[in-house]
Amino acid sequence: MLTAGAAAMLLGACATRAPDIADMPWTSGRLSVRIDAQGTQPVRSASSAFDLRGSSRSGELRLTSPLGTLVAQAQWAPGRARLITPEGEASFADLDQLSRQALGEALPLQAWPDWLAGRPWSGAPSEPLPDGFAQLGWRISLARLAEGWIDAVRDEPPAVIVRVRLDR
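First residue of the sequence shown? That's 5 in this note's numbering, and the numbers climb one at a time after it.
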């Protein structure tokens, strides 16, 4: 028979708290995004330095200009996402809505922490490829991961290419 103190210790040991985002390490580098023309939309492209920390559940992404000026900051937690730019702040129900508003196209930002670590996101099925994996309609190439490069390509119109160069 367990005593009340032993039972409380066992229950306390089982109740681990989720890691605080402030305790998570940053992943940094440069990224470029190219969205092909479609209909009346011209080709769109952007590049930026970035800092990312967190997980698909909660996190933060900062985009900065070549001069180090904060261009945009995204923060997310269950049921909410927030975009902060020099023009102001906007709230969204999820990261897909946030990225659609910011870029004109939904990007699977919830998968990025895992993709940038060189692995499929656990929140969706994936398929191995010779040089990486496919997930969420994207091909993730890890062929040059040892050099710090990750490419994510979506062929579905409009085609999107995201190239990431990780700082080492």
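Quick reminder that beta carbons are idealized off the backbone N, C-alpha and C, glycines included. These figures come from a predicted structure and were not determined experimentally.
- Taking 8 Å as the cut-off, the Cβ atoms of residue 166 and residue 35 count as close.
- The alpha-carbon of residue 114 is positioned some 25 Å away from that of residue 70.
- Membership of residue 48 in the beta strand (DSSP E) is indicated by the continuous run 48 to 58.
- Residue 39 has its alpha-carbon roughly 26 Å from the corresponding atom of residue 126.
- Segment contact: the segment 80 to 94 against the segment 138 to 150, fewer than three CB-CB distances shorter than 8 Å; contact not assigned.
- Note: residue 145 is bridge-paired with 136, 155 in the DSSP secondary-structure output.
- CA-to-CA, the gap between residue 32 and residue 45 works out to about 30 Å.
- Residue environment: residue 79 is assigned as buried (16 or more neighbouring CB atoms within 10 Å of its CB, all protein chains considered).
- Contiguous alpha helix (DSSP H) elements confined to the segment 50 to 121 occur at 99 to 107, 116 to 120, taking only those with 4 or more residues.
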